[in-house]
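Numbering (the numbering used here), first residue to last: 259 to 428.
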């Protein structure tokens, strides 16, 4: 299976939980396309030296050759340890001060819900909180999530991962 972390630098593990879905289980309707509510997230145990966080949601199983980015948030202050469900809406007003959303693969700076093609099988959605050694990652607000990932690679101290699934019957 396509492991999105296989070629990334090693990082310490810490804990992330969600009231919106259970790790390893299917996303609910609220995190599917149509409702498009970003999941609630809470994290703890980040490595010492963490100066900020980034959150990403990525589907490596999308039939694109490069996966599909559903959400990317940069520059979450180190004092923040949770995001409410729906924080990734168009306005982003529930995100902490200083944090910003990058355009996803639909080119919207917001969370876009799971929508695997009908009959394509089960997709995995990696919901990741990245603990970074810098207060600001320095990528433009119109950058792609892939560029954020490239820029973060040398700044990741820790990675907290949840995985959800979704499937659309044929």
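Even for Gly, the Cβ is constructed at its ideal location relative to N, Cα and C.
- When the Cα atoms are used, residue 342 and residue 322 turn out to be separated by approximately 30 Å.
- Looking at the DSSP output, residue 275 bridges to 300.
- Residue nearest to residue 357 within the set 277, 268, 385, 309 is 309 (criterion: CA-CA distance).
- Straight-line spacing of the CA atoms in residue 360 and residue 272 works out to 24 Å.
- Counting only residues of its own chain and dropping the five nearest sequence neighbours on each side, residue 270 has a CB closer than 7 Å to the CB of 305, 415, 416.
- The beta carbon of residue 285 lies closer than 6 Å to those of 279, 372, 422, 424 in the same chain, with the five residues before and after it left out.
- Three or more pairs of CB atoms, one per stretch, sit closer than 8 Å, so the stretch 293-303 contacts the stretch 337-353.
- In the three-state DSSP reduction, residue 406 falls in the helix class (H, G or I).
- When rounded, the separation of the alpha-carbon atoms in residue 290 and residue 326 is 14 Å.
- Each residue's CA atom was taken as its position, placing residue 282 and residue 334 some 25 Å apart.
- Listed in chain order, the non-local C-beta contacts of residue 355 below 8 Å within the same chain comprise 335, local neighbours out to five positions each way being set aside.
- In the structure shown, residue 368 adopts coil according to DSSP, grouped into three states.
- With respect to the 8 Å criterion, residue 376 and residue 427 are classified as neighbours on the basis of their beta carbons.
- Residue 276 is not a Cβ neighbour of residue 366, given a cutoff of 8 Å.
- With a 10 Å radius around the Cβ and a threshold of 16 neighbouring Cβ atoms, residue 382 comes out buried.
- Distance check between residue 338 and each of 405, 387, 403, 406 places 387 closest, using alpha-carbon atoms only.
- Counting only the Cα atoms, residue 330 lies some 7 Å from residue 312.
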